Amino acid sequence: METFDAVIVGSGACGGWAAMELARSGFRVALVEAGSSVNPAHDFHHRWPYELPFHGQGQPGLLRKRYRGSTEFNYRLMIDDIENPYTTPDGMPFRWSRSRVLGGRTLHWGRVSDRMSDLEFHAASRDGYGDDWPVSYRDVAPYYSRVERFIGVSARAENLPQFPDGDFLPAMPLNCAETIFSAACGKLGFPVTQRRVAQLTRMLNNRPPCHYCGNCINGCDVGAMFSTVSSTLPEALRTGRVTLMCDTVVSAILMNAENRARGVRFIGRYNKQEGEIGARTVILAASSLENTRLMLNSQRGGLANSSGVLGHYLMDQVSGAGVSGFLPALKGAAIRNDDGKSSGLYIPNFINLGKQKETFIRGYAMSASGGAAQFPRFAVNHAGYGSSYKREIKRLYPAFARVWMSGGEMLARRENFVEIDPEVKDAWGIPVLRIHATHSDNDKRLYAHFHERAREVFHAAGGEELDAKAAMAPPGSLIHEVGTCRMGADPKTSVLNSYCQTHDVANLFVFGGGCFVSTGDKHPTLTMMALAARGCDFLTDKARKGEL
Amino acid sequence: MEVDENRESDSMTRRDAAWMIARALATPAGLALASGWPGAAQNAGGGAMRHSNAPPERDRWKDYRPKFFTIAQFGALRMFTQVLIPTDETPGAREAHVPEFIDFVLNAAAEYAPEMQPQWQKAADYLDSVGFAGMNAANQEALVAEMAAPETDPNKTHAGFPFYRLMKEMTVRAYYTSRAGLVENLGYQGYAYLTEFPGCNHPEHHKV
Ligand SMILES: Cc1cc2nc3c(=O)[nH]c(=O)nc-3n(C[C@H](O)[C@H](O)[C@H](O)COP(=O)(O)OP(=O)(O)OC[C@H]3O[C@@H](n4cnc5c(N)ncnc54)[C@H](O)[C@@H]3O)c2cc1C
Ligand code: SF4
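If you read the protein sequences in the order shown, they are chains A and B.
Residue numbering for the first sequence follows our numbering, beginning at -4 and increasing consecutively.
Residue numbering for the second sequence follows our numbering, beginning at 137 and increasing consecutively.
Okay, structure coming up:
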């Protein structure tokens, strides 16, 4: 059997990056992906709702029962919930949105790419809650730059300490609703900028610029948005050193007698046949919680878990729909391509930056946008019918707008955790996760504070509220699930060191959000990728010196 | 206040044009349908027709035979949805094939959502029980107005209100996701091929 220099489990944001970096450094890499292969040029194109049998809503019941959180446009990119169950205790919902496909969730993610700041990395030192990260902004900054320069992030530099600037492509202009919200924030004295998106505004690394079709969430046909398949994978494969194995479900990490990882065990997705892949280094990049599941399934009590914290400190970010309604200034306006960049306005956190002033710790960011989105979803509940109704819907169509929670810090708490369910197994017989997560009082106070500010922004923009009752969403809803494999300087209280290497097993690395010590208020993926890039530098350096 | 008059030529890439021609050739009946509706192109307003990458509707509803509803029930549904979304200066439920779509969806519900079907049977029975299909247009209008009254006046009740809501909800979803509703009525501008994002160019939007 061939022994690879590295086996990488999962081809999402982090797995794709690791494959590219390690292969460029001369590693012979096996990139193992549980899902099927996709070809964007062939599989993704703009489809209008009426071109689909069910106009985008899917066969009744299918999405709700089998592909939660997806639409008829994109459910083939999502995981099949029946084949891949997970469990939660009664009354403790957790929404876990996963993809099993080449490229993972990068194929249809929101693309928002933020840098975290030292206010987050060192939050514990400021307010006394929890732990600091074992890295500072200074350590991560060069890797943020490296990732940004490769994936392409369209953004405006703002020079805000809580929201560090990066190596940006030109920003996209704001649409009308965003312009109005921007003025409203100016009036309130709230900071405001364009959402920073991994979407090209000019050619980069052979990828064409965005053509403003707004189809990102269903997969970009030309590769203008960052995804593994458009960006890192072609570079990885170009080296000739990467063996890509799709439809290959990894079930466990294999160990030898010297406490070293020697590869992984897998099960064929369709033929269900078992096999092994031998490697000198094992890199888990199957997403935050799948990585932890693999480690928990690989050894009784969990592999690399001498600290006992593996599985603990599960977090998502606090989220909720916020406020929606109409901007009077836009009623009856000419219809424009308002959702063509599918982005929005970003209101960076401005809470608890200096002295602790609020009744809760940490902060949150808001987003706002509006205009003619494809389906006028307010129409369903708008009273009336007939010609007057039709005219009113058309008049309101470009005026629909909302302010929502982009991400609020959910406190890291040990009692939020994942474990292996003693009974339930997936379609390949692999034990599944049981997820325990609740919001703390701090999380709830933070959300209530956000809701008030969201209404302020909405009202300052002149907005007429349609729905402002929107409650806090259950954990997992923001799809920013992190933690359960935290990093730290002390092997007694953490699983990973600051390079995402397990304290216990020198040749086992874990890339993804599992390492997060706190959520911060930023979108997490750019940080996951930057930490993976940093881990790859460390790994190649150690391997060269023979110290792994 | 419309901008970007050049947008169409900017955005029409060769690939796109070729794709549209291929689609048009493949669906002659769909084309005939779109253009067969009188005045759609002229009346769409909001620049809908001036810039649209929207392909013609597929020919899926030609000779459609209801599978879930009986012919009589389907006839009543047709009339009801036409009162909800009438054909006026823009296409209505009829041109959007709303009744056909509803029947298609309900038939397909048998597999994963059979619980949807009984309520629609009750709605069809209700329309039958009040003789909706046999009424003249004025009486149909009057009945729908009564059924809908609780929507705007919480003090009112009507036995037909739940059926009105049921049918309205799916009619609205079907209509605004159809070509007639989304493109010809609303003038949705998405799925474009543009070189620049058409940002806001209204000085008045920079002040609140
Ligand atoms: C709709 C949506 C919008 C989002 N928007 C944003 C955003 O705007 N900004 C942001 O920062 N984040 C966003 N996210 C989150 C973001 O997608 C994830 O944080 C990111 O993709 C995580 O990267 P990853 O490499 O850890 O895992 P993933 O991208 O999830 O990839 C994991 C891969 O591992 C594979 N895999 C899993 N288990 C196994 C196994 N046992 N064997 C083999 N392979 C396996 C999976 O098939 C998958 O391909 C969004 C997510 C979704 C779903
Ligand atoms: S809007 Fe831009 S990035 Fe998104 S799918 Fe279209 S071309 Fe790709």
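The beta-carbon is built from N, C-alpha and C at its ideal position, and this holds for glycine as well.
Since this is a predicted model, take the numbers as computed values, not measurements.
Item                                                                                                                               : Value
Span of the alpha helix (DSSP H) around ASP261/B                                                                                   : 252 to 265
As assigned by DSSP and simplified to three states, the class of MET306/B                                                          : helix
SER32/A to THR243/A span [Cα, whole Å]                                                                                             : 11 Å
MET220/A beta carbon near ligand 2 (any heavy atom closer than 7 Å)                                                                : yes
Ordered list of alpha helix (DSSP H) runs contained in the region 189 to 264 of chain A, each at least 4 residues                  : 228 to 233
Segment limits, alpha helix (DSSP H) that includes TYR132/A                                                                        : 132 to 146
Span of the beta strand (DSSP E), counted from its first residue to its last, around GLU353/A                                      : It is not in any beta strand (DSSP E) - GLU353/A carries neither H nor E in the DSSP assignment.
Run of the alpha helix (DSSP H) containing TRP12/A, from where it starts to where it stops                                         : 8 to 19
Beta carbon proximity, GLN325/B to chain A, threshold 8 Å                                                                          : yes
CA-to-CA distance, ARG93/A to SER6/A, given in whole angstroms                                                                     : 13 Å
MET400/A: first and last residue of the uninterrupted alpha helix (DSSP H) it sits in                                              : No alpha helix (DSSP H) holds MET400/A; the beta strand (DSSP E) holding it covers 395 to 403.
Coil, strand or helix - PHE158/A by DSSP                                                                                           : strand
Same chain only: Cβ atoms within 6 Å of ALA231/A, ignoring 5 sequence neighbours per side                                          : ALA14, MET15, ALA18, VAL237
Three-state secondary structure (DSSP) of LYS537/A                                                                                 : helix
N-terminal and C-terminal residue of the beta strand (DSSP E) that GLU271/A is part of                                             : 269 to 279
Closer than 8 Å to chain A by CB, PRO222/B                                                                                         : yes
Beta-carbon proximity check, TYR62/A vs MET73/A, cutoff 8 Å                                                                        : yes
SER493/A Cβ short of 7 Å to ligand 2 heavy atom set                                                                                : no
Sequence-distant residues of the same chain with beta carbon closer than 6 Å to LEU621/A, five excluded per side                   : Residue 621/A lies beyond the stretch modelled for chain A, which goes from -4 to 543, so this question has no answer here.
C-beta contact flag for GLY457/A and PRO323/A at 8 Å                                                                               : yes
VAL4/A: CB within 7 Å of a non-hydrogen atom of ligand 1                                                                           : yes
GLY258/A versus ALA274/A - alpha carbon distance                                                                                   : 5 Å
Segment contact flag, the region 149 to 157 of chain A with the region 530 to 539 of chain A, C-beta cutoff 8 Å, min 3 pairs       : no
Residue(s) in a DSSP beta bridge with ILE430/A                                                                                     : VAL413/A
Contacts of VAL241/B in chain A (Cβ-Cβ under 7 Å)                                                                                  : PHE49, PRO55
Contact set between ASN154/A and chain B, taken where Cβ atoms lie within less than 7 Å                                            : Those within 7 Å of ASN154/A in chain B number zero; the least Cβ separation is about 21 Å.
Contact belief for MET240/A with GLN312/A at Cβ below 8 Å, rounded distance in angstroms                                           : 33 Å between Cβ atoms; not a contact.
Against chain A: residues of the region 242 to 276 of chain B by CB proximity under 7 Å                                            : ALA244, ALA245, GLU247, TYR248, ALA249, MET252
Residues that VAL375/A contacts on chain B, provided the C-beta gap is smaller than 7 Å                                            : GLU305, VAL308, ARG309
6 Å Cβ shell around THR520/A - same chain, five flanking residues per side excluded                                                : ALA8
Whole-angstrom distance between CYS211/A and SER337/A, CA atom to CA atom                                                          : 7 Å
Touching by the beta-carbon criterion (3+ pairs, under 8 Å), the region 253 to 268 of chain B and the region 323 to 334 of chain B : no
Members of the region 148 to 172 of chain A near chain B, C-beta cut-off 9 Å                                                       : MET167, PRO168, LEU169, ASN170, CYS171, ALA172
Reduced DSSP secondary structure (H/G/I, E/B, other) of THR223/B                                                                   : coil
Reduced DSSP category for ASP122/A - H, G, I as helix; E, B as strand; rest coil                                                   : helix
LEU289/A Cβ short of 7 Å to ligand 1 heavy atom set                                                                                : yes
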